[in-house]
Amino acid sequence: MRKYILKRLLQSVIILFFVAFIIYALMRCLPTSFIEAAARQKSMQPGSKSYEEWMEQLTVMYNMDGSIISGYFKWLGSMLRGDFGDSWKYTVPVLTKFNDTVWLSFAMGLISFIFELIIAIPLGIIAATKQYSKTDYTISVIALAGISLPTFFFASLLKLLFSVKLGWFDLYGLIGRNYDQLSAFGQLMDKANHLVMPIITLVVVSMGALMRYTRTNMLEVLNADYIRTARAKGLSERRVIYHHAFRNTLIPIVTIVGGTLPTLFSGALITETLFAIPGIGYASYQAMIAGDIPFSMFFLVFTALLTLIGNLIADVLYAVVDPRVRIA
Amino acid sequence: MEDMKDKKDMLETAAPSEEFSLSDDRRVKVLSPGQLVLKRFFRNRLAVTGMVILLAMFIFSFVGGLLSPYEEDQKFYRVDAQAKDYAGIVHNEEFRYTVGDKELFKSTVHAQALKAILQGKDSFEYKGTGYTLEKLTDDAYVVSSGGSPVGIASKELVNPSAQDGSVSFEFSLAALRAKASGEKTFTAEGNEYDIGEDGIITDKSGTEIAYVSQYIVRAVMSDVFFSRELKNQLIDAVEAGQKSFEYTDENGVTAEYILKYDAANKSWDVKQEIDTKVFDTYSAPSKEHWLGTDRNGMDMLTRLMYGGRISLIIGFVVVFIEALIGVVLGGIAGYFGGWVDGLIMRIVDVFYCLPFLPIMIILGAAMDAANVPSFTRMMYMMITLGILGWAGVARLVRGQILSLREQEFMTATEACGIAPSRRIFRHLIPNVMPQLIVYMTMGLGTTIILEATLSFLGLGVRFPFASWGNIINDVNDTFVLTNYWFIWIPAGVLLLITVLAFNIVGDGLRDAFDPKMKR
């Protein structure tokens, strides 16, 4: 087991190396709009140097001279020392900005993830136990609709209903207008109030997949021989489903849930952007649009790392929870 | 169990032909695996509904565009009355100065003259020069120095009637004198003129030269000249206290003029309300435009049809690229195994890790900076989406081929000595197809959502092309979100049901392909 994990980790490092290189090459090949814009702005100032001179100076300053390969290894070197450089757009160290934004995203992600589990798993199980009934059809269609629902459309509908028509929540942002006048508890409630719509969006959009997954697995388990045995023993249907079947359904679910956990840190780019929630997703969207290479680099590599960790966790968990699975 | 049921069905379908004996083969209708799949598919009511929706959507998008009386980017106009600031009218209550001699009647002298008028003096002195004041009426004085007039201070002014006309000082003086004394004619610069009760001055041939008036009409725009008639109308309206009137000018353009008294400046602001052709933006659903018009004054329903066309085409092209790369690479990896497999699978791992959406956003922003034209942009987007998405297909195909390779029928093909290419394309690929078709159907839905999301963010399909995503993009404007449901809700609903239909059909196909399915 330890050997397996070690091997996978080593593999992940190599994959990450190439992923980071592709991303870096991609970012370097793009027109460096950020530097150009900055140089143009600086050269406009009275008595300033010419645009070309600024361009030259800024290119050196931002480490954009030199070839892609040497630039990549330079980036890699400082990254290994834990230095991700300074964000161009936010003009603070990348890690500072990351630390400022990631926890909000994590909190939002975690809350919606918990809701997702609470809603999706029971519904998936109910749908499976009543296969081909009206309930099953309804739940299946809801799950499919959740998967098919474009985030931005659903968010707009929510805004129209709850912000415009009912006036319960603000359209954008994390804090209200009178945030500074509120007590500490009031400030917390204000933030919570602003997070309601983003969380609903996240839950509705992402719960469909888990619901379907639960249903499929539950169906598989219900067709297994040991369930037939349990029924043959004369156990009550309740006990068969909630004791024997449920535990076995949990195996794949735990695996997939474990694999999803790391991605909670990568934020919800679209949802955060739509609601202007200053989390990691929104911050990185802004950075990417502005052509902020250090921050985008960091975010993209970080996301790739999370995916790798997620896959690893899922595979290891699979072996841990299911004694039938052995990994070499 | 399934087989038995199918046989029963077959027997039922062949039941009327009684003449065959029980053991006769002709009694049994033989169905190919494909027919069986179709049969199972059509038995699934939900999947059929999805299929019907998709069909309707295709007709809507591909045929609808042809049937629609409008073009994709045809703009509509409406005539709208736009009021713009046109003129200002002041009833002159102060003395204004007409200068005859620039040296002797400077602006400093104006003040001295005014002072003298207000004090009721008939002469004053400024810097050693003596001036005399001659009173014509209470509102008009002539300032002279050394016996000859150098300027006029009056509340009434002599204005030229023609656009490029001008009036000389001498003319003004003579005209004001004549008006003050009530004479009907006067002579200036050797010509004789008539002056009417209303202050209109005409020459001997009856042409109007100038007029005397206490109203000053100024144009807001410097290139506007008021015809005499319009000026009269305006002044009449001011005197009659009218709020508005209509006037047709010499070019035949009718406009409404709205007058408003501005107490602060003691003047009347005149707004000209003229019918202007403007883009018919955000007009509500009507008979001509069933779903109204959008921000650019284009017919919404037509935009939706063309948008659907683009969204669907992008979906298909992207999925096709994904499948092409994925099947080839996945097939190679699965069939050959060994180090080829290892290498390809590591590449797949790398592509699997690349964050999809962020990369598309960065590319979109970069294309913005490089001003890539809309059409090229769409091409790039399809290619990138395809290249980023093939890893999943490759994994699926490889996994399938790995398991199929070990099965008996493959050993049989080998034993029969069938050539490897035939083994791959005749025996392996067809067995991968079911999973592939299901994956691709679902992938179509995902791709369409992704494209719509990018277009929504303004980083995908761009104007003048329509896509369901960039139609909804308007909702970023809170005013549209609040007031114009018909701009964004129909596009969103179409998007939702199309993707939903793709997913339902994919689901139905999966069930139909699975021979273990109970139904």
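Protein sequences, first through last, are from chains P and S. Under this note's numbering, the first residue of the first sequence carries the number 1, and numbering increases by one thereafter. Under this note's numbering, the first residue of the second sequence carries the number 1, and numbering increases by one thereafter. For every residue, glycine included, the Cβ atom is placed at its ideal position computed from N, Cα and C.
Does the beta carbon of residue i come closer than 7 Å to any beta carbon on chain C?
{"i": "residue 288 of chain P", "result": "Checking the listed chains, one finds no chain C in this structure; the protein chains it contains are P and S."}
With burial defined as no fewer than 16 other Cβ atoms inside 10 Å of the residue's Cβ, what is the status of residue i: buried or exposed?
{"i": "residue 272 of chain P", "result": "buried"}
{"i": "residue 293 of chain S", "result": "buried"}
{"i": "residue 261 of chain S", "result": "exposed"}
{"i": "residue 243 of chain P", "result": "exposed"}
{"i": "residue 19 of chain P", "result": "buried"}
{"i": "residue 353 of chain S", "result": "buried"}
{"i": "residue 502 of chain S", "result": "buried"}
{"i": "residue 192 of chain S", "result": "exposed"}
{"i": "residue 147 of chain P", "result": "buried"}
{"i": "residue 510 of chain S", "result": "buried"}
{"i": "residue 17 of chain P", "result": "exposed"}
{"i": "residue 248 of chain S", "result": "exposed"}
{"i": "residue 507 of chain S", "result": "buried"}
{"i": "residue 326 of chain P", "result": "exposed"}
{"i": "residue 122 of chain P", "result": "exposed"}
{"i": "residue 308 of chain P", "result": "buried"}
{"i": "residue 129 of chain P", "result": "buried"}
{"i": "residue 600 of chain S", "result": "In the structure displayed, chain S extends from 1 to 519; residue 600 of chain S sits before or after that span and is not available."}
{"i": "residue 20 of chain S", "result": "exposed"}
Looking at the secondary structure, which residues open and close the alpha helix (DSSP H) in which residue i lies?
{"i": "residue 206 of chain P", "result": "184-222"}
{"i": "residue 99 of chain P", "result": "94-129"}
{"i": "residue 470 of chain S", "result": "468-472"}
{"i": "residue 191 of chain S", "result": "Unbroken run through residue 191 of chain S is the beta strand (DSSP E), 191-195; no alpha helix (DSSP H)."}
{"i": "residue 71 of chain S", "result": "Neither: residue 71 of chain S is in no alpha helix (DSSP H) and is coded neither H nor E."}
{"i": "residue 247 of chain S", "result": "Note, residue 247 of chain S: premise wrong, no alpha helix (DSSP H); beta strand (DSSP E) at 244-248."}
{"i": "residue 91 of chain P", "result": "Counting along the chain, residue 91 of chain P falls outside any alpha helix (DSSP H), and DSSP gives it neither H nor E."}
Ends of the beta strand (DSSP E) at residue i?
{"i": "residue 200 of chain S", "result": "200-203"}
{"i": "residue 5 of chain P", "result": "No beta strand (DSSP E) contains residue 5 of chain P, which is instead part of the alpha helix (DSSP H) from 2-29."}
{"i": "residue 400 of chain S", "result": "Where residue 400 of chain S is concerned, there is no enclosing beta strand (DSSP E), although the alpha helix (DSSP H) it sits in stretches over 374-405."}
{"i": "residue 259 of chain S", "result": "254-262"}
{"i": "residue 348 of chain S", "result": "No beta strand (DSSP E) holds residue 348 of chain S; the alpha helix (DSSP H) holding it covers 338-353."}
Please state whether the Cβ-Cβ distance between residue i and residue j is less than 7 Å.
{"i": "residue 76 of chain S", "j": "residue 280 of chain S", "result": "yes"}
{"i": "residue 134 of chain S", "j": "residue 212 of chain S", "result": "no"}
{"i": "residue 158 of chain S", "j": "residue 210 of chain S", "result": "yes"}
{"i": "residue 321 of chain P", "j": "residue 254 of chain P", "result": "yes"}
{"i": "residue 310 of chain P", "j": "residue 249 of chain P", "result": "no"}
{"i": "residue 440 of chain S", "j": "residue 323 of chain S", "result": "yes"}
{"i": "residue 89 of chain S", "j": "residue 230 of chain S", "result": "no"}
{"i": "residue 87 of chain P", "j": "residue 315 of chain P", "result": "no"}
{"i": "residue 475 of chain S", "j": "residue 488 of chain S", "result": "yes"}
{"i": "residue 467 of chain S", "j": "residue 307 of chain S", "result": "yes"}
{"i": "residue 326 of chain S", "j": "residue 394 of chain S", "result": "yes"}
{"i": "residue 129 of chain S", "j": "residue 123 of chain S", "result": "no"}
{"i": "residue 161 of chain S", "j": "residue 228 of chain S", "result": "yes"}
{"i": "residue 404 of chain S", "j": "residue 428 of chain S", "result": "yes"}
{"i": "residue 246 of chain P", "j": "residue 201 of chain P", "result": "no"}
{"i": "residue 93 of chain P", "j": "residue 174 of chain P", "result": "no"}
For residue i, which beta-bridge partners are listed by DSSP?
{"i": "residue 159 of chain S", "result": "S:211"}
{"i": "residue 82 of chain S", "result": "S:274"}
{"i": "residue 135 of chain S", "result": "S:141"}
{"i": "residue 216 of chain S", "result": "S:90"}
{"i": "residue 130 of chain S", "result": "S:125"}
{"i": "residue 53 of chain P", "result": "For residue 53 of chain P, which the question treats as bridged, DSSP gives no partner whatsoever."}
{"i": "residue 98 of chain S", "result": "S:152"}
{"i": "residue 540 of chain S", "result": "Because chain S spans 1 through 519 in this model, residue 540 of chain S falls outside it and cannot be assessed."}
{"i": "residue 299 of chain S", "result": "S:293"}
Practice item. With 8 Å as the C-beta to C-beta threshold (strictly closer), list the residues of the region 150-178 of chain P near chain S in chain order. Key: 150, 151, 152, 153, 156, 157, 159, 160, 164 and 171
Practice item. For the region 84-100 of chain P, enumerate the residues whose C-beta is nearer than 8 Å to any C-beta of chain S, in chain order. Key: none
Exercise for review: Name, going along the chain, the residues of the region 492-504 of chain S whose beta-carbon falls closer than 7 Å to a beta-carbon of chain P.
Suggested key: 492, 495, 496, 499, 500, 503 and 504
Check your understanding: When Cβ atoms are compared, which residues of the region 455-483 of chain S fall closer than 7 Å to chain P?
Key -> 456, 472, 475, 478, 481 and 482
Practice item. Could you run through the region 146-176 of chain S and flag, in chain order, every residue whose CB is less than 9 Å away from some CB of chain P? Key: none
Point to revise | Cβ-based contacts, 8 Å cut-off: residues of the region 260-289 of chain S near chain P | key: none
Exercise for review: With 9 Å as the C-beta to C-beta threshold (strictly closer), list the residues of the region 205-226 of chain S near chain P in chain order.
Suggested key: none
Check your understanding: If you measure beta-carbon to beta-carbon, which residues of the region 325-354 of chain S are closer than 8 Å to chain P?
Key -> 346, 349, 350, 352, 353 and 354
Exercise for review: Compile a chain-ordered list of the residues in the region 127-139 of chain S whose CB is closer than 9 Å to at least one CB of chain P.
Suggested key: none
Review point. What residues from the region 44-56 of chain P come within 9 Å of chain S, judged by C-beta to C-beta, listed N to C?
Key: none
**Study point:** Proximal residues, the region 433-446 of chain S versus chain P, C-beta separation under 8 Å
**Key:** 445
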